[in-house]
Structures are given as structure tokens and as C-alpha cells.
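Engineer:
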Amino acid sequence: MPNSAPIGIFDSGIGGLTLAHAITELIPQEPIIYFGDTAHLPYGDKSATAIQAYSVKICNLLLEKNCKLILIACNSASAAAYDLVKTYVGTKAVVVNVIDPVIQYLDQHWAGKTLGLIGTKQTVNSGIYARKAEALGKDIHIQSLATPLLAPMIEEGFFNNTISEQIIREYLEQDVLKNIEGLILACTHYPLIKSQIDEFYQSRIPVIDTSQIVAQEIKRILNQHDLSIQAGEIGSRQFFVSDYTDSFEKSTQLFFGEAIKLTQYPIWD
Numbered sequence: 103m104p105n106s107a108p109i110g111i112f113d114s115g116i117g118g119l120t121l122a123h124a125i126t127e128l129i130p131q132e133p134i135i136y137f138g139d140t141a142h143l144p145y146g147d148k149s150a151t152a153i154q155a156y157s158v159k160i161c162n163l164l165l166e167k168n169c170k171l172i173l174i175a176c177n178s179a180s181a182a183a184y185d186l187v188k189t190y191v192g193t194k195a196v197v198v199n200v201i202d203p204v205i206q207y208l209d210q211h212w213a214g215k216t217l218g219l220i221g222t223k224q225t226v227n228s229g230i231y232a233r234k235a236e237a238l239g240k241d242i243h244i245q246s247l248a249t250p251l252l253a254p255m256i257e258e259g260f261f262n263n264t265i266s267e268q269i270i271r272e273y274l275e276q277d278v279l280k281n282i283e284g285l286i287l288a289c290t291h292y293p294l295i296k297s298q299i300d301e302f303y304q305s306r307i308p309v310i311d312t313s314q315i316v317a318q319e320i321k322r323i324l325n326q327h328d329l330s331i332q333a334g335e336i337g338s339r340q341f342f343v344s345d346y347t348d349s350f351e352k353s354t355q356l357f358f359g360e361a362i363k364l365t366q367y368p369i370w371d
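Structure follows, in C-alpha cells:
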């Protein structure tokens, strides 16, 4: 695979644009191709079997686009489909999920601590973060809470207001998140409400923004596999969705930090 090949990124919707933005900020010379499966969002309340089928289909597209690395920019898909996708892709591209880089970060920085975690039903019910953290043998305990209203709320633009403040408060006041020493945002939508979560905790509890952690890991993996592009011109950026609306395109500015053009790609036709 040539170094000039793009990084492929996919998510159930536009939440993964927080990751795409973090990656382009860190390694702007790398071209990216983003696919948001907006026809099936959210993945968080879908079965593992359905998520696996969606993920394999999307990987076909990204492989057709000659992506050198495929990032599953969705915690639900990372939990349900990573092993299948990695086997399916084989040696055609490097496959990365959004969970393992966070576990590596916890291994290095959070030994002996109790952490809270918020995410979709699929991510929380999988128990994957707690299992992987326990397997480290570093006495890291994760107390998880499914927060299914947050991703749809963010997708609809209801954040940084009194509506989102009340919903966030209702979740964070649950007993399972009492006495934690840090909070993991286990959904790529959640960095957009990090400021409100920080405000709730009055900065007493560190809030772990996984998008920055994953972006650093992507850079490291590209270097490790000798697939990185030397700093230079800004790489091309293409953004596709499976279902397009004008309002949806406008909301992408909230995720990526700038206006971007979404193109409908008929992957499910």
C-alpha cells in the first residue's frame, strides 16, 4: 500500500467527525476518506449482528478507495465488529478500533484507579472496556453507565443549552458514577459535550477525551508500519454519508469545526 493512500474512517453518523478532525489537526498531510452510515444511525441500539454486517459493507467501500488504514470511529462498532473486520480486511489495510488505544492510555496513566464510563447501550452492555481494563492487571476498575439519549441529542444539535444540561445531570448523578476518579467518554459524539460535563464536575474529575488519544495512536501506527506521509501539503478530504439531508450537512460544522461537504454514496442500493 503506497504511503500516499488515504486513511479510511467510518462511524454510524457524524460523531466520528470529532476523530477525523483530531486526526487532521495532528497529521494534516494525511488524506482521509470518511463514511457516515447515517441511514442506520445510531448503532448503539442495533444488534451486534447488524453492526457487523454494516461494518463489512462499509469496509468494502474503503478498500475500493485503496485506504491504507481503516479506523472504526465508533465505540459500538469497535465493540461488536472489530475482530470480524480485522479478519475480513486481512493484509489489505491496517485496522484500528477506538477502544484499544484508550485501554493502552489507561495502562500507562490510571493504574489503581476507579473510572466511570458513559457510552451507548451496545458499548456498555458489551462490557469490553471493563474486561480489557481488568486484563491489564493494574487494579483499574471501570463503572459503566449507558447514556442512550446523549448521541441522538447531539446529532440533533441539542447541546450547550438547558436541555442538554438537564439530561447530562440526570445521567451523571446516577449512583454507578459515584466516587469515580475520572470519566471516560466512550462515544465519539461526547467530546462535543465535554465542556458541560467538566462544568458538572467543576473540574474536580478529569474527563478523558478519547479522540485525542486515538489520533495519537493513528500517528504512531502509521509510523510503525512506515505508511506515514512526510509533512507538506494538506491532504485531500472526502466525506460520504449513506443518507443525505441539507440540515445534516449543516450540523457537521459542529463536529468538524468547519463547514464540510457531505456526498451521498449509494452503498446500500
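Taking my numbering, the leading residue of the sequence shown gets 103, the next gets one more, and so forth. For each residue, glycine too, the CB sits at the ideal point set by N, CA and C.
(1) When you compare only the Cα positions, how much space is there between Gln355 and Glu257?
(2) Is it buried or exposed, Gln224, if we count other Cβ atoms within 10 angstroms and call 16 or more buried?
(3) Can you tell me where the beta strand (DSSP E) with Thr216 in it begins and where it stops?
(4) Would you tell me roughly how many angstroms separate the C-alpha atoms of Gly221 and Gly146, rounded to the nearest one?
(5) Quick check on Gly334: does DSSP put it in helix, strand or coil?
(6) Please give the ranges of any alpha helix (DSSP H) in the segment 177–235, keeping only runs that are unbroken, at least 4 residues long and fully inside the region.
(7) Could you name the residues of the same chain whose beta carbon sits closer than 7 Å to that of Ala181, not counting the 5 residues immediately before and after it, in chain order?
(8) Hey, could you find the ends of the alpha helix (DSSP H) His123 is sitting in?
(9) Measure from the alpha carbon of Cys289 to the alpha carbon of each residue in Asp345, Val204, Ser305 and Val196, then state which is nearest.
(10) Specify the secondary structure class of Arg306 as computed by DSSP and reduced to three states.
(11) Is the distance from the Cβ of Ala195 to the Cβ of Met103 below 8 Å?
(12) For the alpha helix (DSSP H) holding Phe350, just list the boundary residues, first then last.
(13) Taking the alpha-carbon positions, what's the Thr312 to Asp371 distance?
(14) List the endpoints of the continuous alpha helix (DSSP H) containing Ser157.
(15) With DSSP run on the structure shown, which of helix, strand or coil describes Tyr292?
(16) Work out the CA separation of Gln318 and Gly334 for me, nearest whole Å.
(17) If you drop the 5 nearest sequence neighbours on each side, which residues of the same chain put their C-beta closer than 8 Å to that of Gln366?
(18) Drop a sphere of 10 angstroms on the beta-carbon of Leu274, count the other beta-carbons inside from all chains shown, and report buried for 16 or more, exposed for fewer.
(19) Quick check on Thr312: does DSSP put it in helix, strand or coil?
(20) Let's test the definition: count the other Cβ atoms within 10 Å of the Cβ of Ser178 and tell me whether it reaches 16, buried, or not, exposed.
(21) With which residues is Phe341 paired in a DSSP beta bridge?
(22) Please confirm if the segment 113–123 is in contact with the segment 276–291, defined as three or more CB-CB distances below 8 Å between the two stretches.
(23) Identify which residue in Lys363, Gly110, Asp277 and Ile336 has its Cα closest to the Cα of Leu219.
(24) Return the chain-ordered list of same chain residues with a C-beta closer than 8 Å to the C-beta of Ile270, the five sequence neighbours on each side being excluded.
Structural biologist: Answer, in terms of the structure:
(1) Indexing the sequence shown from 1 puts residue 355 at position 253. Indexing the sequence shown from 1 puts residue 257 at position 155. Note on geometry: alpha-carbon atoms of Gln355 and Glu257 lie some 11 Å from one another.
(2) For this step, residue 224 is matched to residue 122 along the sequence shown. So Gln224 ends up on the buried side.
(3) If you number the sequence shown from 1, residue 216 lands on position 114. Here the beta strand (DSSP E) through Thr216 covers Thr216 to Gly221.
(4) To locate residue 221, count along the sequence shown from 1; it is residue 119. To locate residue 146, count along the sequence shown from 1; it is residue 44. Cα-Cα distance, rounded: 8 Å.
(5) Along the sequence shown, one-based indexing puts residue 334 at 232. Note: Gly334 maps to coil in three-state DSSP.
(6) Here the runs fully enclosed are 177–191, 202–211 and 223–228.
(7) Against the sequence shown, residue 181 aligns to sequence position 79. Correct list, in chain order: Ile201, Gln224, Thr225, Ser228 and Ile230.
(8) Along the sequence shown, read from residue 1 onward, the residue named residue 123 stands at position 21. It spans Leu119 to Leu128 - the alpha helix (DSSP H) in which His123 sits, taken as one unbroken run.
(9) Stepping through the sequence shown from its first residue, residue 289 is reached at position 187. Of the listed residues, the one whose Cα sits closest to Cys289 is Val204.
(10) Walking along the sequence shown from the start, residue 306 turns up at place 204. It is coil, neither helix nor strand.
(11) Counting from 1 along the sequence shown, the entry for residue 195 is found at position 93. Counting from 1 along the sequence shown, the entry for residue 103 is found at position 1. Yes, the pair counts as a contact, with Cβ atoms nearer than the cut-off.
(12) Here residue 350 is taken as the residue at index 248 of the sequence shown, counted from 1. Boundaries of the alpha helix (DSSP H) around Phe350: Asp348 to Phe358.
(13) Start at 1 with the first residue of the sequence shown, and residue 312 comes out as number 210. Start at 1 with the first residue of the sequence shown, and residue 371 comes out as number 269. Approximately 33 Å between the Cα atoms of the pair.
(14) The residue given as residue 157 occupies position 55 in the sequence shown. Taken as a continuous stretch (DSSP letters only), the alpha helix (DSSP H) holding Ser157 covers Ala150 to Glu166.
(15) Position 190 of the sequence shown, counting from 1, holds the residue named residue 292. Tyr292: helix per DSSP, three-state reduction.
(16) In the sequence shown, the residue the question calls residue 334 occupies position 232. In the sequence shown, the residue the question calls residue 318 occupies position 216. For the pair Gly334 and Gln318, the Cα-to-Cα distance works out to about 19 Å.
(17) Residue numbering aside, residue 366 sits at position 264 when the sequence shown is read from its first letter. Its chain contains Phe342, Val343, Ser344, Asp345 and Tyr346 as the residues whose beta carbon lies nearer than 8 Å to that of Gln366, once the 5 sequence neighbours on both sides are disregarded; these appear in chain order.
(18) As a working mapping, residue 274 is identified with position 172 in the sequence shown. By the 16-neighbour rule on beta-carbons within 10 angstroms, Leu274 is buried.
(19) One-based indexing of the sequence shown puts residue 312 at position 210. Thr312 sits in a helix when the DSSP states are folded into three classes.
(20) Within the sequence shown, residue 178 is the residue found at index 76, counting from 1. That one is buried.
(21) Within the sequence shown, the letter at position 239 stands for residue 341. BP columns for Phe341 point to Tyr136.
(22) Taking 8 Å as the limit for Cβ pairs, the verdict is that the segment 276–291 does touch the segment 113–123.
(23) Here residue 219 corresponds to residue number 117 of the sequence shown, with the count starting at 1. Per the C-alpha coordinates, the member of Lys363, Gly110, Asp277 and Ile336 positioned closest to Leu219 is Asp277.
(24) For the purposes of this step, residue 270 is taken as the residue at position 168 of the sequence shown. Cβ neighbours of Ile270 beyond the five flanking positions: Leu252, Ile295, Gln298, Ile299 and Phe302.
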